[in-house]
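Colleague: The structure under discussion is supplied below as C-alpha cells; questions concerning it will follow.
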Ligand code: ADP
Ligand code: XUL
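Numbering (the working numbering), first residue to last: 2 to 514.
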C-alpha cells in the first residue's frame with residue numbers, strides 16, 4: 002500500500018491506496034485551525050499580517066505530522082505501507098540553520114518532532130502563497146536579470162509576489178543576520194518529505210518551478226536568478242531533482258513511534274498543483290483541469306514548454322515528466338458568492354434552470370466578473386465592469402458573471418496553443434450542472450466531474466506507487482475515475498456565439514484595465 006500526504010493551507014491529510022484491490026484503504030485529515038488551536042491560525046495562517054504579509058508557523062505544520070500519525074495508527078497498521086510521498090501548498094518556504102541535517106538524522110521517538118526541530122528554525126514564521134508583500138523585491142529581481150520577459154523565459158513565470166525567490170529576497174533584506182544563519186531553505190512539500198526521510202531531501206521540478214529560481218531549460222538553479230535574489234543562495238537550497246525519485250527510507254522515528262516498516266521508501270515531494278495533476282489523471286496533454294474553489298485554478302500537462310507572453314500563467318514541472326501550466330484566478334467563488342448575496346439569490350439561480358432564462362452569449366452583454374483585486378488579469382478591481390446597465394435583471398447578471406469568468410479563462414489560457422479534448426472539473430462549484438454545461442460550451446469540449454475530494458493527497462499516493470515501479474497509466478485507470486454519469490457534452494451550436502463573445506470580452510477588458 003502507498004501513502005500520500007498533503008500539507009495544504011488549512012489541513013494535513015493522509016490517503017492510503019491499495020493498488021492490489023484498487024481501493025482507497027484509509028483517509029484522515031488534521032485541521033490546523035480546529036485541531037491545533039494554540040497556534041491562533043483558524044484558517045491555517047497567522048491573521049492580520051501587515052502590508053500583504055501572510056505567514057504561518059512552521060511548528061504548526063510539524064506538530065500536525067505527529068498528530069496525524071498518532072490518529073492514523075489507532076485504526077491502521079502503518080507497517081503495510083511500501084512507500085510515502087508528500088504534496089504541499091506551493092511557494093511557502095521554511096528556514097533552518099545548519100543543525101537541521103544532524104537533528105533530522107537523530108530524531109528521538111520519545112520526544113515530539115516539534116520540540117526537536119524548533120531549535121533548528123532560523124526564521125520563526127514561513128511566508129505562504131497568499132502573501133503579496135514582495136512587490137519591491139519582484140521589481141528588483143526583474144530589473145537585475147534584464148526584465149520580466151527574461152525572468153519568464155528562464156523560470157516559466159514573471160517575478161511573482163508569492164513565489165519563493167522574491168520572498169527569500171525580502172527576508173535577506175529585512176534580517177541579514179538571520180539570512181546568514183540559514184543553512185537550508187525548504188518548501189512546505191520538501192520539508193514534510195525531509196522529516197519523513199530523516200534527511201534533507203531534494204526539491205522536485207514541480208514545486209521548484211514555483212520559486213522564480215529554477216531554470217526550466219537546464220532544470221538546475223539559475224545562476225542569474227540566484228544572484229538577483231540573495232547572496233550565497235545556492236548553498237542554502239536543496240538540489241533540484243525529478244519528482245519520480247526515491248529520496249531514501251523512512252526515518253527510524255516513524256518506525257519506532259508509529260509502526261512503519263524500516264523498509265518503507267520515501268519518494269520526493271511535490272507541490273499541491275502538480276500533485277493534483279496526477280490525482281486528477283491529467284498528466285497527459287489534452288485533459289485540462291478546472292478547479293472551482295475559493296479561487297479558480299486551471300491546469301494541464303503541456304506538450305511543449307511555452308510561456309505566457311503576458312505573464313499571467315505559470316509553467317511547473319509535470320511529475321510524470323515534461324511540464325504543466327497553471328493559471329490562478331483569484332475571484333472564483335468569491336465573485337459568484339458576492340453576486341449571489343448582492344441580489345439575494347441561491348445557487349439554483351446559477352444552475353441549469355436559472356441559466357435557461359437567458360440565451361448563450363447574453364445578447365452581447367458582457368461582464369468583467371471581479372469583485373476584488375484580481376491576478377489574472379492583474380488589476381485592482383473593486384466591482385464588476387459591465388457593458389450593460391448595472392440594474393439589468395438578475396438572470397442577465399448571473400449569466401454575464403458566469404460567462405465572464407469562463408471567457409476570461411479561455412482568453413487567458415489561449416497562450417497554451419492547445420484545445421482541450423476533455424475538461425475535468427473539481428472543487429465546490431463543480432457540482433453545479435449549469436456551470437459545468439457553460440464550461441463545456443465555452444471551451445467546446447466534454448466536461449467530467451471528479452469524485453475525489455482530495456486530488457492532491459491522492460496524487461501523492463499515486464506518485465509513491467509510481468516511484469516504486471507501478472505504471473502511472475494503470476494506476477490512473479484504477480483510481481482517477483469521474484463521478485458516475487457526470488460527462489457533459491458541449492453544444493456545438495454555441496461555438497460561434499462564444500467565439501464572438503470572447504472578442505467582445507477582450508475589447509471590454511482592454512478598454513477597462
Ligand atoms: P476551497 O477548497 O477553496 O475551500 P471548495 O472547492 O470546497 O473551496 O469550494 C467551496 C465553494 O464552492 C463554496 O464557497 C461555494 O461558493 C461553492 N459552491 C458550492 N456549491 C455550489 C453550487 N451549487 N454552485 C456554485 N458554487 C457552489
Ligand atoms: C499556485 C498557488 C496555490 C497554492 C495553494 O500557484 O499559489 O494554488 O499552491 O494551493
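Think of the CB as a built atom: it goes at the ideal place given N, C-alpha and C, for glycine as much as any other residue.
Answer yes or no: the CB of residue 329 versus the heavy atoms of the ligand XUL, is any distance below 7 angstroms?
Modeller: The residue given as residue 329 occupies position 328 in the chain shown. Residue 329 Cβ: within cutoff of the ligand XUL.
Colleague: Which value, in whole angstroms, describes the spacing of the CA atoms of residue 132 and residue 45?
Modeller: Within the chain shown, the letter at position 131 stands for residue 132. Within the chain shown, the letter at position 44 stands for residue 45. Cα to Cα, residue 132 sits roughly 13 angstroms from residue 45.
Colleague: Would you say the beta carbon of residue 91 is closer than 7 angstroms to some non-hydrogen atom of the ligand XUL?
Modeller: For the purposes of this step, residue 91 is taken as residue 90 along the chain shown, with counting starting at 1. The answer is yes for residue 91.
Colleague: If the criterion is Cβ atoms closer than 8 angstroms, does the pair residue 203 and residue 316 meet it?
Modeller: The residue you call residue 203 lines up with position 202 of the chain shown. The residue you call residue 316 lines up with position 315 of the chain shown. No. Outside cutoff.
Colleague: Whole angstroms are fine: how far does the CA of residue 371 sit from the CA of residue 84?
Modeller: Numbered from its first residue, the chain shown carries residue 84 at position 83. Numbered from its first residue, the chain shown carries residue 371 at position 370. One C-alpha to the other measures close to 43 angstroms.
Colleague: Less than 8 angstroms separating the beta-carbons of residue 137 and residue 180?
Modeller: Against the chain shown, residue 137 aligns to sequence position 136. Against the chain shown, residue 180 aligns to sequence position 179. Cβ atoms of residue 137 and residue 180: not closer than 8 angstroms.
Colleague: I'd like the span of the beta strand (DSSP E) that includes residue 182, first residue to last.
Modeller: Within the chain shown, numbered from 1, the residue matching residue 182 stands at position 181. From DSSP, residue 182 is part of no beta strand (DSSP E); its letter is neither H nor E.
Colleague: Strictly closer than 6 angstroms from CB to any heavy atom of the ligand ADP: give me those residues in the order they appear in the chain.
Modeller: Output, sorted by chain position: 294, 295, 334, 337, 338, 348, 351, 428, 429, 430, 432, 433.
Colleague: Using only the heavy atoms of the ligand XUL, determine whether one of them is closer than 7 angstroms to the beta carbon of residue 315.
Modeller: Here residue 315 refers to the residue found at position 314 when the chain shown is read from its first residue. Result yes, Cβ under 7 angstroms from the ligand XUL.
Colleague: Under a Cβ-count criterion, where at least 16 other Cβ atoms within 10 Å of its own Cβ denotes burial, should residue 218 be classed as buried or exposed?
Modeller: Walking along the chain shown from the start, residue 218 turns up at place 217. Classification of residue 218: exposed, given that the 10 Å Cβ count is below 16.
Colleague: Just checking residue 284 against the ligand XUL - is the residue's beta carbon closer than 7 angstroms to any of the ligand's heavy atoms?
Modeller: In the chain shown, residue 284 corresponds to position 283, counting from 1. Answer for residue 284: no, Cβ out of range of the ligand XUL.
Colleague: Is residue 274 a contact residue of the ligand XUL, with contact defined as CB to any heavy atom under 7 angstroms?
Modeller: Locating residue 274 in the chain shown gives position 273, counting from the first residue. At least one heavy atom of the ligand XUL is nearer than 7 angstroms to the Cβ of residue 274, so yes.
Colleague: Apart from the five residues on each side of it in sequence, which residues of its chain come closer than 6 angstroms, Cβ to Cβ, to residue 169?
Modeller: Within the chain shown, residue 169 is the residue found at index 168, counting from 1. Contacts found: 230, 231.
Colleague: Compute the minimum distance between the beta carbon of residue 211 and the heavy atoms of the ligand XUL, and state whether it is under 7 angstroms.
Modeller: Taking the chain shown and counting its residues from 1, the one referred to as residue 211 is at position 210. Correct: residue 211 has its Cβ closer than 7 angstroms to the ligand XUL.
Colleague: Between which two residues does the beta strand (DSSP E) harbouring residue 7 extend?
Modeller: In the chain shown, the residue the question calls residue 7 occupies position 6. Note, residue 7: beta strand (DSSP E), 3-8.
Colleague: Express the C-alpha separation of residue 16 and residue 70 in angstroms, rounding to a whole number.
Modeller: In the chain shown, residue 70 corresponds to position 69, counting from 1. In the chain shown, residue 16 corresponds to position 15, counting from 1. If I take the Cα positions, the gap works out to 12 angstroms.
Colleague: If we require 3 or more residues per run, which beta strand (DSSP E) segments fall completely within the region 415-452?
Modeller: Correct list: 423-427, 448-450.
Colleague: Within the continuous beta strand (DSSP E) that includes residue 14, where are the two ends?
Modeller: Within the chain shown, the letter at position 13 stands for residue 14. Taken as a continuous stretch (DSSP letters only), the beta strand (DSSP E) holding residue 14 covers 12-19.
Colleague: For residue 23, tell me which candidate among 8, 439, 463 has the shortest Cα-Cα distance.
Modeller: Mapped onto the chain shown, residue 23 falls at position 22. The residue with the shortest Cα to Cα distance from residue 23 is 463.
Colleague: Mind checking whether residue 456 and residue 280 have CB atoms under 8 angstroms apart?
Modeller: Residue mapping note: residue 456 aligns to position 455 of the chain shown, counting from 1. Residue mapping note: residue 280 aligns to position 279 of the chain shown, counting from 1. Closer than 8 angstroms, so yes.
Colleague: When the Cα atoms are used, what is the spatial distance from residue 449 to residue 190?
Modeller: Locating residue 449 in the chain shown gives position 448, where the first residue counts as 1. Locating residue 190 in the chain shown gives position 189, where the first residue counts as 1. C-alpha separation (whole angstroms): 29 angstroms.
Colleague: Cβ-heavy atom distance between residue 163 and the ligand XUL below 7 angstroms?
Modeller: Position 162 of the chain shown, counted from the start, is the residue given in the question as residue 163. Residue 163 Cβ: within cutoff of the ligand XUL.
Colleague: Ends of the beta strand (DSSP E) at residue 249?
Modeller: As a position in the chain shown, residue 249 is number 248, starting the count at 1. That run of the beta strand (DSSP E) goes 247-250.
Colleague: On the DSSP bridge assignment, give the partners of residue 527 in chain order.
Modeller: This structure cannot speak to residue 527, because the chain is shown only from 2 to 514.
Colleague: On the DSSP bridge assignment, give the partners of residue 25 in chain order.
Modeller: Here residue 25 refers to the residue found at position 24 of the chain shown. Looking at the DSSP assignment, residue 25 forms a beta bridge with 18.
Colleague: Does residue 420 pass the burial test, meaning 16 or more other C-beta atoms within 10 Å, or should it be called exposed?
Modeller: Within the chain shown, numbered from 1, the residue matching residue 420 stands at position 419. Counting Cβ neighbours within 10 Å, residue 420 comes out exposed, since fewer than 16 surround it.
Colleague: Beta carbon of residue 9: closer than 7 angstroms to some heavy atom of the ligand XUL?
Modeller: Counted from its first residue, the chain shown places residue 9 at position 8. Flag set: Cβ of residue 9 near the ligand XUL.
Colleague: Does residue 285 come out as helix, strand or coil in the three-state DSSP assignment?
Modeller: The count along the chain shown starts at 1 and reaches residue 285 at position 284. Residue 285: coil per DSSP, three-state reduction.
Colleague: Per DSSP, what are the beta-bridge partners of residue 128 in this structure?
Modeller: Numbered from 1 along the chain shown, position 127 holds the residue referred to as residue 128. In the DSSP output, where bridge partners are listed per residue, residue 128 has 56.
Colleague: So for residue 272, helix, strand or coil by DSSP?
Modeller: Stepping through the chain shown from its first residue, residue 272 is reached at position 271. It is a strand residue.
Colleague: At the level of alpha carbons, what is the spacing between residue 362 and residue 260?
Modeller: Counting from one through the chain shown, the residue named residue 362 turns up at place 361. Counting from one through the chain shown, the residue named residue 260 turns up at place 259. Their Cα atoms are separated by approximately 59 angstroms.
Colleague: Measure the CB-CB distance between residue 52 and residue 199 and report whether it falls below 8 angstroms.
Modeller: In the chain shown, residue 52 corresponds to position 51, counting from 1. In the chain shown, residue 199 corresponds to position 198, counting from 1. Cβ distance not < 8 angstroms, so residue 52 and residue 199 don't count as in contact.
Colleague: Does the count of Cβ pairs from the region 475-490 and the region 434-449 closer than 8 angstroms reach three?
Modeller: Yes, they touch.
Colleague: Quick one: what does DSSP say residue 87 is sitting in, helix, strand or coil?
Modeller: For this step, residue 87 is matched to residue 86 along the chain shown. Strand.
Colleague: For residue 585, collect the residues of the same chain with a Cβ closer than 7 angstroms to its Cβ; drop the 5 residues on either side in sequence, then sort them by chain order.
Modeller: As shown, the chain starts at 2 and ends at 514. That puts residue 585 outside it, with no answer to give.
Colleague: Going by the DSSP bridge assignment, what does residue 330 pair with across the sheet?
Modeller: Start at 1 with the first residue of the chain shown, and residue 330 comes out as number 329. Partner(s): 297.
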